[in-house]
């Protein structure tokens, strides 16, 4: 069936380095993609989103890249900080009038920042 | 705090008991969503409301689950005759239409443990 998944379940990076978290999706009807950060015991926190008519979007220290050809999404975090340690989820939904607004989440990647 | 709030944050119950959770969305957000998250997994969609109308329900929402949003503001999720398999984090999210303000913002969740 259609799914959103992640290539790596865990990622350890040195403080100050850049982090790249990858995500593959299989639903070709996906129109809207979101990255969420979830700290232990908390709800998912919105980081950045991107629509299928874009291939790159930048926020503060974060960049999301979308490659529709290979159905791949990535989150880049610049100058990773200890506070970035969390589980990161990509989520997708076929917005644009498809009638469903439910988000489909992957399993998540745990990012650990080494001080 | 103007974010999504959920109560209670934690609930321990015995198998067979009924439980009810409450979600207060961000003010003026007309869409409200319920998700369930088990350990190590991403959130899974349960149902969503646009104003007071329940427009979509997942197959995960068995007959023992019922959700309401009577006045289009707060919502309740009730689980009747709880089972151990119901143990999970129940997350609520809200969003505001129309485009582009469709990002779903999550609350802190209610963690349910069924003994």
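Chains as they are written, first to last, in this note's numbering: chain F, 118 to 232; chain G, 1155 to 1269. A virtual CB, placed ideally from N, CA and C, is assigned to each residue, including glycine.
Please list the residues of the stretch 146-177 of chain F that have a C-beta atom closer than 9 Å to any C-beta atom in chain G, keeping them in chain order.
Correct list: 149, 151, 153, 155, 158, 159, 160, 161, 162, 163, 166, 168.
Out of curiosity, what's the CA-to-CA distance linking residue 1257 of chain G and residue 1249 of chain G? In the second chain, the residue the question calls residue 1257 of chain G occupies position 103. In the second chain, the residue the question calls residue 1249 of chain G occupies position 95. C-alpha of residue 1257 of chain G to C-alpha of residue 1249 of chain G: approximately 6 Å in a straight line.
Task: Cβ of residue 220 of chain F within 8 Å of any chain G Cβ - done: If you number the first chain from 1, residue 220 of chain F lands on position 103. Closer than 8 Å to some Cβ of chain G, the Cβ of residue 220 of chain F qualifies, so yes.
Contact with chain G by residue 225 of chain F, beta-carbon distance below 8 Å:
For the purposes of this step, residue 225 of chain F is identified with residue 108 of the first chain, where counting begins at 1. Yes, its Cβ sits closer than 8 Å to a Cβ of chain G.
Query raised in the report: residue 193 of chain F to residue 1171 of chain G, Cα distance in whole Å?
Result: Counting from 1 along the first chain, the entry for residue 193 of chain F is found at position 76. Counting from 1 along the second chain, the entry for residue 1171 of chain G is found at position 17. Using only the alpha carbons, I get a separation of about 45 Å.
Mapping DSSP to helix, strand and coil, what is residue 148 of chain F? In the first chain, the residue the question calls residue 148 of chain F occupies position 31. Shown here, residue 148 of chain F sits in coil according to DSSP, grouped into three states, outside any helix or strand.
Distance cutoff 8 Å, beta carbons only. Does residue 1175 of chain G sit that close to anything in chain F? Sequence index remark: in the second chain, residue 1175 of chain G carries index 21 (1-based). With respect to chain F, the C-beta atom of residue 1175 of chain G has no partner C-beta closer than 8 Å.
Handout entry: Start-to-end residues for the beta strand (DSSP E) that takes in residue 1268 of chain G
Key = Taking the second chain and counting its residues from 1, the one referred to as residue 1268 of chain G is at position 114. Residue range 1264-1268 is occupied by the beta strand (DSSP E) that includes residue 1268 of chain G.
Discussion item. Suppose you measure from the CA of residue 184 of chain F to the CA of residue 1225 of chain G; what does that come to, to the nearest Å?
Written reply: By 1-based counting over the first chain, the position of residue 184 of chain F is 67. By 1-based counting over the second chain, the position of residue 1225 of chain G is 71. One C-alpha to the other measures close to 42 Å.
Exercise. Terminal residues of the continuous beta strand (DSSP E) containing residue 1164 of chain G?
Worked result: Here residue 1164 of chain G refers to the residue found at position 10 of the second chain. Unbroken beta strand (DSSP E) run through residue 1164 of chain G: 1164-1167.
Review point. Between the stretch 1194-1205 of chain G and chain F, which residues of the former have a C-beta closer than 8 Å to a C-beta of the latter?
Key: Among the residues of the stretch 1194-1205 of chain G, those with a Cβ less than 8 Å away from any Cβ of chain F are 1194, 1195, 1196, 1197, 1198, 1199, 1202, in the order of the chain.
* Hey, does residue 120 of chain F have any beta-carbon neighbour from chain G nearer than 8 Å? -> Residue 120 of chain F sits at position 3 when you count from the first residue of the first chain. Per-residue confidence for residue 120 of chain F stands at a pLDDT of 48, beneath the threshold of 50, marking its modelled position as unreliable; the derived number appears in the next sentence. No Cβ of chain G is located within less than 8 Å of the beta carbon of residue 120 of chain F.
**Request:** Assuming residue 228 of chain F and residue 165 of chain F form a contact by the criterion Cβ under 8 Å, report the distance between their Cβ atoms to the nearest whole angstrom.
**Result:** Here residue 228 of chain F refers to the residue found at position 111 of the first chain. Here residue 165 of chain F refers to the residue found at position 48 of the first chain. Between residue 165 of chain F and residue 228 of chain F the Cβ distance is about 15 Å, and since that is not below 8 Å, they are no contact.
Quiz item: DSSP state of residue 223 of chain F, grouped into three classes?
Solution: Position 106 of the first chain, counted from the start, is the residue given in the question as residue 223 of chain F. Coil.
Taking all protein chains shown into account, decide if residue 232 of chain F is buried (16 or more other Cβ within 10 angstroms of its Cβ) or exposed.
Here residue 232 of chain F refers to the residue found at position 115 when the first chain is read from its first residue. By the neighbour-count rule (16 or more Cβ atoms within 10 Å), residue 232 of chain F is not buried but exposed.
query = Under three-state DSSP, which class holds residue 1238 of chain G?
reply = For the purposes of this step, residue 1238 of chain G is taken as residue 84 along the second chain, with counting starting at 1. In the structure shown, residue 1238 of chain G adopts helical secondary structure according to DSSP, grouped into three states.
### Within chain B, the residues that residue 1245 of chain G reaches when beta carbons sit closer than 8 Å
Of the protein chains in the structure, F and G, none is chain B.
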